[in-house]
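2 protein chains.
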Amino acid sequence: MANQQTALDIVFHALADPTRRAVIGRLLQGAAPVTRLAEPFTMGLPAFLKHLTVLETSGLIRSEKQGRVRTCRIDADRLAAAEGWLAEQRAIWQGRTDRLAAFVESQNSQEKAS
Amino acid sequence: MANQQTALDIVFHALADPTRRAVIGRLLQGAAPVTRLAEPFTMGLPAFLKHLTVLETSGLIRSEKQGRVRTCRIDADRLAAAEGWLAEQRAIWQGRTDRLAAFVESQNSQEKAS
DNA sequence: GATATAGTTTGCCAATTGGCAAACTATTGT
DNA sequence: ACAATAGTTTGCCAATTGGCAAACTATATC
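See the structure below:
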């Protein structure tokens with residue numbers, strides 16, 4: 023499970039940047055080569071490539087080079103993993119507050135009853 | 023370099039650290055003061071306090087000082103926001119692959135039919 | 001009033017991040 | 001053969017991060 027922790031570290035870190043999230047958003051519309059992905063941004067290609075590397079080592083995207091063009095695509099497993107962790111945490115919290123709400127409600131009923 | 027940091031940037035950054043995620047996990051079991059939260063970790067209090075500050079500026083936790091003790095608790099709205107973004111992205115992806123799967127399936131049927 | 005407790009601030013440091021410019025390595029097109 | 005295209009590598013820099021030790025503030029407790 024220590025491995026999963028590090029995976030989460032890397033995935034969340036990858037997501038903690040608007041450029042990288044935008045790339046993910048773009049890739050959701052379909053695979054694209056590096057320069058097309060880089061088009062919307064003002065930064066240079068080297069800087070952009072670093073973002074791509076971060077995304078790829080996080081497992082959020084994959085890429086494949088054919089001739090001189092590298093095509094990138096989404097790999098949603100890691101996205102699901104991050105979402106899963108968040109959902110799990112929120113579920114715990116939700117359960118707790120639900121039980122708290124139920125308790126408050128029951129106290130309310132008792133007050134009314136007495 | 024004044025980067026306008028969106029809430030998502032800050033939240034995901036806050037989540038991209040095992041110590042901070044552990045703190046969240048601990049707080050899901052109920053509110054706790056700083057030193058109790060810090061107990062499981064080997065780092066010193068100043069370092070731990072930095073993590074708490076990151077969590078608090080992200081909006082993932084709130085805290086309140088009473089006397090000499092600061093009590094921290096979870097605030098799940100931001101957690102839900104992050105989860106929402108992820109769910110949205112995955113839904114887009116899922117929809118796309120679902121349509122793709124349907125397409126492949128339909129092609130399959132046509133092949134079988136011909 | 002003295003002392004322990006809980007947290008905070010300050011100063012410092014190494015490692016990482018995010019960006020640039022420039023040079024370089026393929027491939028593809030003419 | 002030569003030039004344009006697509007991407008990569010290298011070297012550099014400023015800002016940020018994550019940690020420490022030490023000094024400090026404020027509140028309980030004896």
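For the record, the sequence lines run as chains V and A. First residue of the first sequence: 23, per my numbering; consecutive thereafter. First residue of the second sequence: 23, per my numbering; consecutive thereafter. Ideal Cβ placement from N, Cα and C applies to all residues, glycine included.
Query, Result
"Length of the line joining the Cα atoms of Arg36 of chain A and Thr79 of chain A", "Sequence check: residue 36 of chain A is Ala here, not Arg. If I take the Cα positions, the gap works out to 9 Å."
"Buried/exposed call for Leu67 of chain A, threshold 16 Cβ in 10 Å", "exposed"
"Proximity below 8 Å, CB of Leu30 of chain A to CB of Arg48 of chain V", "no"
"Every unbroken alpha helix (DSSP H) inside the region 64-109 of chain V [4 residues or more]", "67-79"
"Asn25 of chain A versus Ile83 of chain V - alpha carbon distance", "Low local confidence applies: a pLDDT of 42 at Asn25 of chain A is under 50, so the model's placement there is unreliable, and no value is given."
"Residue(s) in a DSSP beta bridge with Ala54 of chain V", "V:Cys94"
"is_contact[Pro40 of chain A, chain V] using C-beta, thresh 8 Å", "yes"
"Contacts of His35 of chain V in chain A (Cβ-Cβ under 8 Å)", "Phe34, His35, Ala38"
"Residue closest to Gly89 of chain A, alpha-carbon to alpha-carbon, out of A:Phe34, A:Pro55, A:Val45", "A:Pro55"
"Assigned secondary structure, Thr41 of chain V (DSSP; H/G/I helix, E/B strand, else coil)", "helix"
"Leu50 of chain V beta carbon less than 8 Å from that of Ile96 of chain A", "no"
"Assigned secondary structure, Thr28 of chain V (DSSP; H/G/I helix, E/B strand, else coil)", "helix"
"Cβ-based burial, Arg100 of chain V [other Cβ within 10 Å; buried from 16]", "buried"
"Closer than 9 Å at the beta carbon, the chain V residues around Leu30 of chain A", "Leu37, Ala38, Pro40, Arg43"
"Met23 of chain A - DSSP class collapsed to helix/strand/coil", "Caution is warranted here: a pLDDT of 37 is assigned to Met23 of chain A, below 50, making its placement in the model unreliable, and no coordinate value can be reported."
"Whether Glu110 of chain V touches Leu108 of chain A by CB criterion (8 Å)", "no"
"Under 8 Å between C-beta atoms of Phe70 of chain V and Phe34 of chain A", "no"
"CB-CB length for Arg112 of chain V against Ala102 of chain A, believed under 8 Å", "6 Å"
"Positions along the region 57-84 of chain V whose CB lies within less than 8 Å of some CB in chain A", "none"
"Closer than 8 Å to chain A by CB, Gln111 of chain V", "yes"
"For Thr41 of chain V, the nearest candidate out of V:Ala53, V:Lys87, V:Thr64, V:Thr28 (CA to CA)", "V:Thr64"
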